Amino acid sequence: MPFIVAIEKKSFPQPWSYSLFLSEMSNRMASYFVALWQEKVIGYIGMWLVFEEAHITTFAIHPAYRGKGFGKRLFSYALQYALLHGCKEVLLEVRVSNVVAQNLYLGFGFRPVGRRRKYYSDGEDAILMKKDLTEGSV
Ligand SMILES: CC(C)(COP(=O)(O)OP(=O)(O)OC[C@H]1O[C@@H](n2cnc3c(N)ncnc32)[C@H](O)[C@@H]1OP(=O)(O)O)[C@@H](O)C(=O)NCCC(=O)NCCS
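Residue numbering for the sequence shown follows our numbering, starting at 3 and increasing by one per position.
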């Protein structure tokens, strides 16, 4: 968990705290996965599975390991997990300024379906993106 919190701090302007991650560990709807490289935690992704809907809660790769395909592999794993657990769609919010993440999501077939005004506590809007999950689509 300390590795995850360290990556979180390097990745987000308003990082989740250790205690928030800890509370997620006892959330029965939540699933979290880490990316391991040479026995080191270099990234993580979290999601909530609520009936037939998966919602990505957090996702980051350590800055030193970005741009090498780790994010895509981890994200793909999470989508496959959601599909295997009966989810029919995946939703997520992304900052309007976060073009890198948006590109990744577009590459997986996500599309923008809405905008959440001032979603982040610093006032930035979020784009709501969605993908329908079908066999062979992840
Ligand atoms: C978003 C993030 C997880 C991507 O992880 P990554 O390991 O760097 O991503 P990958 O190397 O697998 O690249 C996946 C795709 O992201 C996009 N991408 C990656 N680097 C990019 C860059 N510098 N500029 C534009 N797009 C980029 C591309 O679409 C790329 O696909 P391609 O290689 O087929 O072109 C990582 O940048 C990160 O941790 N960012 C900070 C936290 C964050 O923004 N999380 C998402 C919150 S919604």
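All C-beta atoms in this analysis are idealised placements derived from N, C-alpha and C, irrespective of residue type, glycine included.
In this text the structure is predicted, and so the values were computed from the model without any measurement.
Using alpha carbons as the reference points, say which of the options lies closest to residue i.
i    : options                 : result
S21  : L85, F77, P4 and E55    : P4
V102 : K74, V140, G116 and A84 : K74
Y46  : W39, Y34 and Q40        : Y34
V124 : E10, P17, A8 and A37    : In the sequence as presented, Val is not what sits at residue 124; that position holds Asp. Checking every option, the nearest Cα to that of D124 belongs to P17.
Y67  : H57, V52 and A37        : A37
L85  : E41, P15, A56 and G48   : A56
F110 : E126, E91, E54 and G48  : E91
L135 : K12, G69, M31 and R113  : R113
L108 : S139, E126, H87 and E41 : S139
Indicate, with yes or no, if ligand 1 has a heavy atom lying under 8 Å from the CB of residue i.
i    : result
V102 : yes
L135 : no
R97  : yes
S13  : yes
L130 : no
G48  : no
N105 : yes
Got a sec, what are the start and stop residues for the beta strand (DSSP E) residue i sits in?
i    : result
G125 : From DSSP, G125 is part of no beta strand (DSSP E); its letter is neither H nor E.
L76  : No beta strand (DSSP E) holds L76; the alpha helix (DSSP H) holding it covers F72 to L86.
E55  : E55 to I63
Could you give the residue range of the alpha helix (DSSP H) that holds residue i?
i   : result
P4  : P4 to S13
F23 : Y20 to M27
(request) Specify whether the stretch 121-139 and the stretch 90-97 touch according to this definition: at least 3 beta carbon pairs, one from each stretch, less than 8 Å apart. (result) Because the criterion of three Cβ pairs below 8 Å is met, the stretch 121-139 and the stretch 90-97 touch.
(request) Would you be able to state if there are at least three C-beta pairs under 8 Å between the stretch 114-121 and the stretch 78-86? (result) No: the two stretches stay apart, fewer than three of their Cβ pairs being nearer than 8 Å.
(message) Taking 8 Å as the cut-off, does the stretch 61-68 touch the stretch 18-32 (at least 3 CB pairs, one atom from each stretch)?
(response) By the criterion of at least three beta-carbon pairs nearer than 8 Å, the stretch 18-32 is not in contact with the stretch 61-68.
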